[in-house]
Amino acid sequence: MFEIWETSEPARLISDAGSLKVALEKVDTMCRLRHDQALAQIGQVHDGYHFEIRDEAGKALARLTYVPDTSRAYQSVVVEEMRDSAS
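Now the structure itself:
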(Lines of atoms letter the chains of each structure in order from A and count residues from 1; the text may use other names and numbers.)
(Lines give C-alpha, C1' and ligand atoms only; values in the text may rest on other atoms or scores of the structure.)
Protein backbone atom coordinates (compact mmCIF):
# COMPACT_ATOMS: atom_id res chain seq x y z
CA MET A 1 0.00 0.00 0.00
CA PHE A 2 1.26 3.46 -0.89
CA GLU A 3 0.02 6.92 0.06
CA ILE A 4 0.20 10.01 -2.13
CA TRP A 5 0.65 13.26 -0.22
CA GLU A 6 0.69 16.86 -1.33
CA THR A 7 3.22 18.32 1.09
CA SER A 8 2.68 21.98 0.23
CA GLU A 9 1.31 23.80 3.26
CA PRO A 10 -0.87 22.44 4.68
CA ALA A 11 0.17 18.85 3.94
CA ARG A 12 -2.71 16.61 2.96
CA LEU A 13 -3.28 13.02 1.97
CA ILE A 14 -4.41 12.92 -1.67
CA SER A 15 -5.05 9.22 -2.16
CA ASP A 16 -3.71 5.75 -1.64
CA ALA A 17 -2.66 3.13 -4.15
CA GLY A 18 -2.15 -0.61 -4.12
CA SER A 19 0.99 -0.48 -6.28
CA LEU A 20 3.82 1.89 -7.05
CA LYS A 21 2.70 2.07 -10.68
CA VAL A 22 -0.76 3.30 -9.65
CA ALA A 23 0.81 5.75 -7.18
CA LEU A 24 2.96 7.23 -9.97
CA GLU A 25 -0.07 7.59 -12.23
CA LYS A 26 -1.97 9.39 -9.46
CA VAL A 27 0.90 11.84 -8.94
CA ASP A 28 0.95 12.43 -12.70
CA THR A 29 -2.81 13.09 -12.63
CA MET A 30 -2.36 15.62 -9.81
CA CYS A 31 0.35 17.42 -11.77
CA ARG A 32 -1.89 17.54 -14.84
CA LEU A 33 -4.66 19.00 -12.67
CA ARG A 34 -2.30 21.65 -11.27
CA HIS A 35 -1.18 22.50 -14.82
CA ASP A 36 -4.81 22.92 -15.92
CA GLN A 37 -5.52 25.09 -12.87
CA ALA A 38 -2.52 27.29 -13.68
CA LEU A 39 -3.75 27.68 -17.27
CA ALA A 40 -7.16 28.74 -15.92
CA GLN A 41 -5.39 31.05 -13.44
CA ILE A 42 -6.96 29.34 -10.44
CA GLY A 43 -4.88 29.88 -7.30
CA GLN A 44 -1.29 31.06 -7.07
CA VAL A 45 1.88 29.03 -7.49
CA HIS A 46 4.90 30.44 -5.71
CA ASP A 47 7.44 27.65 -5.43
CA GLY A 48 5.49 24.86 -7.10
CA TYR A 49 3.57 21.90 -5.76
CA HIS A 50 5.27 19.29 -3.61
CA PHE A 51 4.26 15.63 -3.69
CA GLU A 52 5.44 12.51 -1.88
CA ILE A 53 4.76 8.83 -2.32
CA ARG A 54 4.98 7.12 1.06
CA ASP A 55 5.00 3.49 2.12
CA GLU A 56 2.72 1.95 4.78
CA ALA A 57 5.06 3.10 7.55
CA GLY A 58 4.88 6.71 6.32
CA LYS A 59 8.44 6.72 4.92
CA ALA A 60 8.85 8.92 1.84
CA LEU A 61 9.88 6.76 -1.13
CA ALA A 62 9.76 9.51 -3.76
CA ARG A 63 9.45 13.30 -3.77
CA LEU A 64 8.52 15.61 -6.61
CA THR A 65 8.27 19.36 -6.91
CA TYR A 66 6.14 20.36 -9.87
CA VAL A 67 6.05 23.91 -11.26
CA PRO A 68 3.48 24.28 -14.06
CA ASP A 69 4.84 25.70 -17.31
CA THR A 70 1.81 27.27 -18.94
CA SER A 71 3.77 28.29 -22.03
CA ARG A 72 3.43 24.73 -23.33
CA ALA A 73 1.11 21.72 -23.17
CA TYR A 74 1.32 19.42 -20.16
CA GLN A 75 4.09 16.85 -20.36
CA SER A 76 3.91 13.81 -18.08
CA VAL A 77 6.18 13.86 -15.05
CA VAL A 78 6.35 10.06 -15.12
CA VAL A 79 8.85 8.80 -17.68
CA GLU A 80 8.45 5.39 -19.28
CA GLU A 81 11.39 3.93 -17.34
CA MET A 82 9.61 4.73 -14.06
CA ARG A 83 6.43 2.99 -15.23
CA ASP A 84 8.39 -0.08 -16.36
CA SER A 85 10.34 -0.40 -13.11
CA ALA A 86 7.17 -0.01 -11.05
CA SER A 87 5.39 -2.91 -12.76
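Using UniProt numbering, read the sequence shown as starting at 1 and increasing by one per residue. For each residue, glycine too, the CB sits at the ideal point set by N, CA and C.
- request: For residue 10, count neighbouring C-beta atoms within 10 Å of its own C-beta (all shown protein chains included) and say buried if the count is 16 or more, exposed if not.
  value: With fewer than 16 Cβ atoms within 10 Å of its Cβ, residue 10 is classed as exposed.
query: Should residue 28 and residue 77 be called a contact, given that it needs their Cβ atoms to be closer than 8 angstroms?
result: Cβ distance < 8 angstroms, so residue 28 and residue 77 count as in contact.
query: According to DSSP, is residue 72 helix, strand or coil?
result: DSSP places residue 72 in coil when its eight states are reduced to three.
- prompt: Straight-line CA distance for residue 40 to residue 25?
  reply: The alpha-carbon atoms of residue 40 and residue 25 are separated by roughly 23 angstroms.
Separation of residue 17 from residue 67, as counted between CA atoms: Between residue 67 and residue 17, the C-alpha separation is close to 24 angstroms.
message: Tell me which residues share the same chain as residue 34 and place their Cβ nearer than 7 angstroms to its Cβ, disregarding the 5 neighbours each side in the sequence.
response: Only 49, 66, 68 meet the Cβ criterion.
query: DSSP on residue 9, reduced to helix/strand/coil?
result: Coil.
Bridge-paired residues (DSSP) for residue 16: According to DSSP, residue 16 bridges with 3.
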